[in-house]
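Protein chains: 2
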Amino acid sequence: MARRYHHGDLRQAVLTAAVEVLGDSGPAAVNLRDLARRVGVSHAAPAHHFGDRSGLLTAVAAQGFDLLADTLEELPPSSDLLEAGVAYVSFAVEHRAHFEVMFRPELLRADDPDLRAAQERSNQAMDWAIAGFRDGSVDPVVAGAAAWSLVHGFATLWLQRALPADVGDDVEAAARAVAELLVRGANP
Amino acid sequence: MARRYHHGDLRQAVLTAAVEVLGDSGPAAVNLRDLARRVGVSHAAPAHHFGDRSGLLTAVAAQGFDLLADTLEELPPSSDLLEAGVAYVSFAVEHRAHFEVMFRPELLRADDPDLRAAQERSNQAMDWAIAGFRDGSVDPVVAGAAAWSLVHGFATLWLQRALPADVGDDVEAAARAVAELLVRGANP
DNA sequence: CGTCGGAACTAGTCACTGACAAGTCGGTGG
DNA sequence: CCACCGACTTGTCAGTGACTAGTTCCGACG
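Residue numbers (full-length UniProt numbering), protein chains in the order written: chain A, 1 to 188; chain B, 1 to 188.
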């Protein structure tokens, strides 16, 4: 494809390149000039679409929250909180590039409309999953915070390889075992 | 105090300044030149003590893991896993500057001896706390991962103000409620 | 008491980055 | 066919990390 003045789909191309870099080297390695080089445009072209670096990362994060919402919404209707928790962890591992940006407020424009909309979608999907945990004996707010904390913490620590080796190398199995402890109770 | 050629305790001074900046503006705002200006030395002086930026942040992280170990070791002997969990969250909130660096491997020199030693200390302190959870009915490795994931996730999300407002603004109370769900079980 | 070696710090520099301004290109609607 | 405007380029500036070479001072040793 010949080098044309108008790229045609620069925004998407930069976004894709950013996700690739994120996956390989993390958020710190993402810079506009390198992405421009990869895509074959001038160093200032990406700024036209994203404003600045935080605008770019915000777009990645928004895409990530949409993907997360998709993941949770696509769970079979029979799924319970346990399955949703495992899905959350799986999402984090499979879409590490997105996940590592989604929860870094300092990198993002918190007031971006697209980001807020995507966050809202994923929050609703999570609320829906947690609703199944409301058995009357526990405060649903506490239960929701606990469930989210557990899977979010597990995903975070797993991605950092901070967990002890004993937990094995099968994310889904480990996540399920951990989530089961909360959902089914320690003393079933 | 007159400006002398030898600062006297530059390493500690830079470290303190770094923690201050971290607390105010997060890791991204920490740069060697600004710290040098704050402390009143030339722009390259900090590098003499820390090598590079990651060396500085590694020193902060090591200090953080030591502080965490101190916190956990100072718990009264009667404390159970629940109290340890609350202490973990309290530590994260009270020492946010340190906490925000401790679990960012990409910012650190993972092979730094001081860092490894401090991590080892805090790991042992956590293992000790989790030992109280070994009641035979659950795999201790799973229980440990679950407990750590829960409090780590809660602390992380709390610091990001990502949790819904319903959980209140009392960290300790909220952390205790959430941790209780895991320790005592959802259906007591 | 001198001197001398090395640690602590300064000064200068380079490559790289984000951000901005001004100009150019080219598709599209009137 | 032409004016407009979004898409992109070119040029530039300040700030940063990292490196090198030079300067100052402390303290140990003869």
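Heads up, the beta-carbon is just placed ideally off N, CA and C, and yes, glycines get one too.
- Interface residue (Cβ-Cβ distance to chain A less than 8 Å): Asp-80/B is not classified as such.
- The distance from the Cβ of Val-89/B to that of Val-39/B is about 32 Å, inconsistent with a contact at the 8 Å cut-off.
- Of the other Cβ atoms in all chains shown, fewer than 16 fall within 10 Å of the Cβ of His-48/B; this residue is therefore exposed.
- Between Leu-22/B and Val-14/B, the CB-CB gap reaches or exceeds 8 Å.
- The beta-carbon of Ser-149/A is placed less than 8 Å from the nearest beta-carbon of chain B.
- Among the residues of the stretch 102 to 118 of chain B, those with a Cβ less than 7 Å away from any Cβ of chain A are Phe-103, Pro-105, Glu-106, in the order of the chain.
- Taking 9 Å as the cut-off between beta carbons, the residues of the stretch 155 to 167 of chain B near chain A are Ala-155, Thr-156, Leu-157, Trp-158, Gln-160, Arg-161, Ala-162, Leu-163, Pro-164, Asp-166, Val-167, in sequence order.
- Here the alpha carbons of Gly-168/B and Leu-163/A stand approximately 30 Å from one another.
- Assigned with DSSP and collapsed to three states, Val-60/A falls in helix.
- In this structure, the CA atom of Arg-121/B is about 27 Å from the CA atom of Ala-177/B.
- At a cut-off of 8 Å between beta-carbon atoms, His-98/A makes no contact with chain B.
- CA-to-CA, the gap between Gly-64/B and Asp-112/B works out to about 14 Å.
- Selection Arg-96/A, Pro-27/A, Gly-8/A, Arg-104/A evaluated against Leu-159/A yields Arg-96/A as nearest (Cα-Cα).
- With 16 or more other Cβ atoms from the protein chains shown falling within 10 Å of its own Cβ, Pro-46/B counts as buried.
- Contacts with chain B at 8 Å (Cβ-Cβ) do not include Gly-23/A.
- Against chain A, the CB of Leu-35/B has no partner CB under 8 Å away; the residue lies outside that interface.
- For Gln-119/A, the enclosing alpha helix (DSSP H) stretches over residues 113 to 131.
- For Leu-108/A, the CB contacts under 8 Å within the same chain, skipping 5 residues up- and downstream, are Ser-54, Leu-57, Thr-58, Ala-61, Val-101, Leu-115 in chain order.
- In terms of Cβ geometry, Gly-153/B and Phe-154/A form a close pair [threshold 8 Å].
- If you look at Phe-103/A, you'll find it isn't in any alpha helix (DSSP H); DSSP assigns it neither H nor E.
- Neighbours of Ala-146/A across chain B, judged by C-beta separation under 7 Å: Leu-150, Val-178, Leu-181, Leu-182.
- Contact annotation: in the UniProt domain "HTH tetR-type" (8 to 68) of chain B, residues whose CB is within less than 9 Å of a CB in chain A are Ser-25, Gly-26, Pro-27, Ala-28, Ala-29.
- Per the coordinates, the alpha-carbon of Ala-84/A lies some 16 Å from the alpha-carbon of Pro-140/A.
- For Val-183/A against Leu-81/A, the beta-carbon gap comes to about 6 Å, under 8 Å, which counts as contact.
- When only Cα atoms are considered, Val-86/B and Ala-17/A end up about 41 Å apart.
- The alpha-carbon of Ser-79/B is positioned some 9 Å away from that of Gly-132/B.
- With a cutoff of 8 Å on beta-carbon distance, Ala-28/B and Glu-106/A are scored as near each other.
- Taking a beta-carbon distance threshold of 8 Å, Gly-153/A counts as an interface residue toward chain B.
- Take the alpha-carbon of Gln-119/B and the one of Trp-148/B: they are about 14 Å apart.
- About 16 Å separates the beta carbons of Val-171/A and His-98/A, which is beyond the 8 Å limit, so they are not a contact pair.
- Less than 8 Å separates the beta-carbon of Met-126/B from that of Leu-72/B.
- With its beta carbon less than 8 Å from one in chain B, Ala-143/A belongs to the interface.
- Minimum Cα-Cα distance from Arg-4/B among the listed residues Leu-67/B, Asp-166/B, Val-41/B corresponds to Val-41/B.
- Counting along the chain, Asp-34/A sits inside the alpha helix (DSSP H) bounded by residues 32 to 39.
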